[in-house]
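Number of protein chains: 2
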Amino acid sequence: MSDNRTGTAGGRAATLSDVAKIAGVSLATASKAINGRGEVAAATRQRVLEAAKKISFTPNELARSLINGRTGTVGLLTSDLEGRFVIPILMGAEDAFGAGQVNVFLCDARGDAIREQHHLNALLTRRVDGIIVVGRSTDPRPSLGHNIPVPVVYAYAPSEDPTDVSITPDNRAGGRLAVEHLVACGRSKIAMITGEAVYAAAQDRADGVMDALGDAGLELVGRPMFSEWSEHWGRDASAMLFRQFPDIDGVVAGSDQIARGVLDTMRDLGREVPHDVAVVSFDNWEILATNSRPELTSIDANLQQLGRMAATRIFDAIDGTAVAPGVEHLPGRLVIRGSTIARR
Amino acid sequence: MSDNRTGTAGGRAATLSDVAKIAGVSLATASKAINGRGEVAAATRQRVLEAAKKISFTPNELARSLINGRTGTVGLLTSDLEGRFVIPILMGAEDAFGAGQVNVFLCDARGDAIREQHHLNALLTRRVDGIIVVGRSTDPRPSLGHNIPVPVVYAYAPSEDPTDVSITPDNRAGGRLAVEHLVACGRSKIAMITGEAVYAAAQDRADGVMDALGDAGLELVGRPMFSEWSEHWGRDASAMLFRQFPDIDGVVAGSDQIARGVLDTMRDLGREVPHDVAVVSFDNWEILATNSRPELTSIDANLQQLGRMAATRIFDAIDGTAVAPGVEHLPGRLVIRGSTIARR
DNA sequence: CTGTTAGCGCATTCAA
DNA sequence: TTGAATGCGCTAACAG
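Next comes the structure, spelled out in structure tokens:
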């Protein structure tokens, strides 16, 4: 019984030559039998497979990789401490790769360039087939450079270098989407409360909002209000805003957190959502969006799809398929809930 | 210029024999020079290092691993979709391993046993040095068995098999901690609202609460209220509870989400927190805990430390140090904020 | 159909 | 101090 309770490795792992010996065949035949390659007599194959099972043989992927030059591994290099973006992206990538086909090294650089370089070296040393770099905002980040011998794709945060391959959410389109939905809900006095102006996400969403308002022949009520990405700011900003412009009937919030703050203030002010005021936000972070009163209509960045696309780009590059450099913008999708349309 | 804009691998990666050739030494000498092993003349070493830098040689870790039997990689096998638990644990593990020393394969089984098995096989095939299994609740989970040739540690969700090595939060102690704090805050009419009774976390926390109340000579007001782990339930349950027992002055909430719901209802009922009612919760999920009015006093499960400990256990087992089997309970820590003690 | 041979990139004897 | 030879576990030519 090969039971090792402590979990410590007991003895050598079985090798292919062990299998071959037991099955009474040569190494090469055993290899072919196990991999279904070459012409092997059915009976022989059977013997080999049984022998393999008997000693619970697991092929050593390291040796295989050494030969064919591919490891079937990909590095995910991130600085997204909270894992809010990286996890959906990771899941998307796993989907695209196929479970168990490709494995992902997850490295957290914690926003530290030195640590990032360490991790990058470690990944290259382990001969990953490709690298996905996931930032924690949609602001462009420094490129890893072009001296990397494997394909690199930047996800969420695009690279500053336009000759790199980047995929990032289309926040501008998202801003449009938000306004178009509010307008479709019959709103015309629309205000915007969002995060810090230094973030590209805040700017882009605001730009999209202005575009769509213009197209609808409307004007924003007041000016876009930029500050913290927090519930506190959502509460404070909406209080100020409604004091100044009591007839606002629609709010675009830069994040679900801000929207939660807005809802709080609406409750305090006795404004009913969505009847008096409709609220749309960004991120569709379920934990926030589906637990509020009412639940939040929010724009989902499709991060999982973003992960899938990044993985696909990596594959294409590995296979030699040309991958167009530049920044690709992935549109979000509107998830409608009670903050814009009341349940019947 | 070794610039490859498309990111596709250009040509072969440099090998040690390339370096040796350029430096005009043998393979063996080059190896020794690069690894600082054996006696190599200073001048020779210099030449080798320069040659290596010149062609940006990166040692192939696969080949090394093949030789010394260790890959310097660890698998993190999880079913924690949202990444709420797994990320801190991953970070702790990375800390313990040392950045760049050990790399972590993150695999998400999505609660599917088949997929888990696939991933497990893939990890073993890649010859990880150890495996950390991270569950999504503190309920015991099936063991992976003892036919695994590398050390396995179960984190967060312990293994059902007592001969495995598991580390899990001490929820019972957490429950005690919550009550002791409320009592220290001068509360004596304490109620509990928590998640689904089928969860060990709900039960254990409730047990700890009862223990501590008993020790303090107090009784719980009403019975522990078990249902969803949601804000909705927090709101509804506290409304019911306060209607029945208007003199409650302290609430233990089973999660930050539930606590948020409680705060909402307190506001609706015109009860001031923490003056009239103090609220303690579990998880210390910052996004929820630090954005409420007031901020939440919450019990942090010390997940990062849990990750570090899991990694340490793996190391010990690899090194042959005996690791005591069984379930280790890691105490949480109380993070005090405005929901129990008002800011001055 | 099966077995022999030659590496993949590297670390490590052991001679020289 | 250096180098030639051996092998880690496996696959891919080839030859039998």
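Sequence order for the protein chains is A and B. For the first sequence, this note's numbering begins at 59 and goes up steadily by one. For the second sequence, this note's numbering begins at 59 and goes up steadily by one. Quick reminder that beta carbons are idealized off the backbone N, C-alpha and C, glycines included.
- The C-beta of M367 (chain B) comes no closer than 8 Å to any C-beta of chain A.
- S288 (chain A) is not a Cβ neighbour of Q261 (chain A), given a cutoff of 8 Å.
- Contact of N349 (chain B) with chain A is assigned, a C-beta pair being separated by under 8 Å.
- In the structure shown, the three-state DSSP call for N126 (chain B) is helix.
- Under the three-state reduction of DSSP, L276 (chain A) is assigned to coil, being neither helix nor strand.
- Pairing S356 (chain A) with F340 (chain A), the inter-Cα distance amounts to about 5 Å.
- Looking only at B:Q302, B:R281, B:L271, B:S195, the smallest Cα-Cα distance to A259 (chain B) is reached by B:S195.
- Under the three-state reduction of DSSP output, G156 (chain A) falls in the coil class, being neither helix nor strand.
- Under the DSSP assignment, E174 (chain B) falls outside any beta strand (DSSP E), being part of the alpha helix (DSSP H) whose first and last residues are 171-183.
- By the rule that beta-carbons nearer than 8 Å mark a contact, N360 (chain B) does not touch chain A.
- Put simply, the backbone Cα of A264 (chain A) is about 11 Å away from that of E254 (chain A).
- Closest by C-alpha distance to A249 (chain A), out of A:N126, A:R401, A:F115, A:R301, is A:R301.
- Between the alpha carbons of L85 (chain B) and V106 (chain B) lies a distance of about 10 Å.
- Here A311 (chain B) carries a strand assignment [DSSP, helix/strand/coil].
- Taking 7 Å as the cut-off between beta carbons, the residues of the region 145-171 of chain B near chain A are I145, L148, M149, E152, A157, G158, N161, V162, F163, L164, C165, D166, in sequence order.
- Where H333 (chain A) is concerned, there is no enclosing beta strand (DSSP E), because DSSP gives it neither an H nor an E.
- Within chain A, the residues placing a beta-carbon under 7 Å from that of T116 (chain B) are L182, T183, ordered along the chain.
- A residue is called buried when at least 16 other Cβ atoms come within 10 angstroms of its Cβ; A154 (chain A) meets this threshold and is buried.
- Counting along the chain, the unbroken alpha helix (DSSP H) around G365 (chain A) starts and ends at 361-377.
- Here L388 (chain B) is near L364 (chain B), since their CB atoms are less than 8 Å apart.
- For A215 (chain A), no chain B residue has a Cβ inside 8 Å of its Cβ, as the nearest lies near 17 Å away.
- Here H239 (chain B) is buried. Its C-beta has 16 or more other C-beta atoms within 10 Å.
- Taking C-beta separations shorter than 8 Å and ignoring five residues to either side along the sequence, the partners of I394 (chain B) in its chain run H239, T355, following chain order.
- Here N161 (chain A) carries a strand assignment [DSSP, helix/strand/coil].
- Contacts with chain A at 8 Å (Cβ-Cβ) include A71 (chain B).
- Contact between the region 362-379 of chain B and the region 141-152 of chain B is established, with three or more Cβ pairs separated by less than 8 Å.
- Inter-segment contact for the region 333-350 of chain B and the region 181-200 of chain B is absent: fewer than three beta-carbon pairs are separated by less than 8 Å.
- For H387 (chain B), the enclosing beta strand (DSSP E) has its first and last residue at 384-388.
- When rounded, the separation of the alpha-carbon atoms in F284 (chain B) and I251 (chain B) is 6 Å.
- Taking the Cβ atoms as the reference, A400 (chain A) lies roughly 7 Å from H333 (chain A), within the contact range of under 8 Å.
- Sequence-distant partners of L181 (chain B) (beyond 5 residues in either direction) whose C-beta falls short of 8 Å from its own C-beta, in its chain, are G133, L135, F163, C165, I189.
- Within the region 74-127 of chain A, the runs of alpha helix (DSSP H) at least 4 residues long that lie entirely inside it are, in chain order, 74-81, 85-93, 100-112, 119-126.
- Looking at A:A167, A:T131, A:L120, A:E97, the one whose alpha-carbon comes closest to that of I376 (chain A) is A:T131.
- N205 (chain B) belongs to the set of residues whose beta carbon lies under 8 Å from a beta carbon in chain A.
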